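Data first, discussion second: the structure below is written as structure tokens.
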Amino acid sequence: MKSFALLAALFASASAFAPSAKTSLETRLFDGPGKINEKIDLDSPKVATMDKLDAGGKKVYCRCWQSGTFPLCDGAHMAHNKATGDNVGPLIVSVAKEE
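In our numbering, the protein residues as written are 1476 to 1574.
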């Protein structure tokens, strides 16, 4: 009987490592609340933006994925922060003026 219990325990633990089982990382990345982009260019495998700034220029970029003017920030992170207690803010990029 001991050997049966040992064998059963061995198979039960081995099934946790089956290739079909999702890891917690895979679940967070693809299936649920870990996904942050829920509306911007969803058919694209990656959302990437290239932009240019003139000397003396400044732009404020969204990092919360909630902006209605993405990739530029419209302040939507403030509602997200209030609702979740998060502290996300924009990326601010500036270029020095030419002398």
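All C-beta atoms in this analysis are idealised placements derived from N, C-alpha and C, irrespective of residue type, glycine included.
For clarity, every value in this text was computed on a predicted model and none was experimentally measured.
| Asked | Found |
| --- | --- |
| Mind the definition here: the stretch 1539 to 1559 touches the stretch 1514 to 1525 only if three or more C-beta pairs lie below 8 angstroms; say whether that holds. | yes |
| Excluding the five sequence neighbours on either side, which residues of its own chain have a C-beta within less than 7 angstroms of the C-beta of Cys1539, listed in chain order? | Ala1551, His1552, His1555 and Val1563 |
| Less than 8 angstroms between the beta carbons of Val1570 and Leu1517, yes or no? | no |
| Strictly by DSSP, which residues pair up with Leu1547? | Tyr1536 |
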